[in-house]
Amino acid sequence: LAGPEIFLIVENLLGLPLEQRRRYLERFQQNENHLEKSGMLARLRAIDTVSDTNGIAREYFALKLSCPFLEQGSCAIHAWRPIVCREFNVIDDPSRCSDPFDTPAQTLRIKRRYSSVLAFFLCKLTDIPAALVPFHLLFDWYEQHKDLAAMSWPAGTLLDVFLEIALKLNRE
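Just so you know, the sequence shown maps onto residues 99 to 270 in the working numbering.
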């Protein structure tokens, strides 16, 4: 996940009824406990930049953690799901999202990936390292950076920066 979408998810979670919010938070806690027992939690928390995520992704998905928002075979936050989920475009059983390496779900391919663009976007605007945050650590990242949620920029600046990064990554 990239910073801007973490703010969106946390803000939307805080707006949910208490019982629903509690259910999701319990699922996050169960996954965090599993990550801790596996020894993966400390390694994930040590990730600083986008490039750091490459080697650990396969191990992370091998744990087959369930998405906290998967309910009755559907995404409960579909309208505000992260870009990486939108890029995945699953047209298969959603439970197969938990391991894109060994049991990949059938997906629709898209030409460009914008999750990295969004990570670099916040980096360029705020000078924090460009990071893709593992889904199960979104609350850690939010707590460390919540002061950024109050920042704002002119719409034209946001568009210019986003397009600059998207074009640069497209050329690479």
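Where is the CB? At the ideal position from N, CA and C, for every residue including glycine. Remember, it's a predicted structure, so these values are computed and weren't measured experimentally.
Looking at the secondary structure, which residues open and close the alpha helix (DSSP H) in which residue 254 lies?
253 to 269
Exposed or buried, what is residue 164 when buried is set at 16 or more other beta-carbons lying within 10 Å of its beta-carbon?
exposed
Residue 243 and residue 126 - do their beta-carbons sit closer together than 8 Å?
no
Measure how close the beta-carbons of residue 110 and residue 175 come, nearest whole angstrom, since I'm counting them as under 8 Å.
7 Å
Euclidean distance between Cα positions of residue 162 and residue 249
36 Å
Three Cβ pairs or more, each shorter than 8 Å: is that satisfied between the region 247 to 263 and the region 220 to 229?
yes
Are the CB atoms of residue 139 and residue 154 nearer to each other than 8 Å?
no
Roughly how many angstroms separate the alpha carbons of residue 266 and residue 135, rounded to a whole number?
40 Å
Got a sec, what are the start and stop residues for the alpha helix (DSSP H) residue 125 sits in?
116 to 136
Roughly how many angstroms lie between the CA atoms of residue 130 and residue 117, to the nearest whole one?
20 Å
CA-to-CA distance, residue 254 to residue 218, given in whole angstroms
17 Å
Can the beta-carbon of residue 231 be found less than 8 Å from the beta-carbon of residue 99?
yes
Might you give, ordered along the chain, the residues of its own chain that have their beta carbon closer than 6 Å to the beta carbon of residue 240, omitting 5 neighbours on each side?
104, 108
Member of 268, 179, 258, 229 whose CA lies at the smallest distance from the CA of residue 145:
229
Residues that DSSP places opposite residue 172 in a beta bridge:
169
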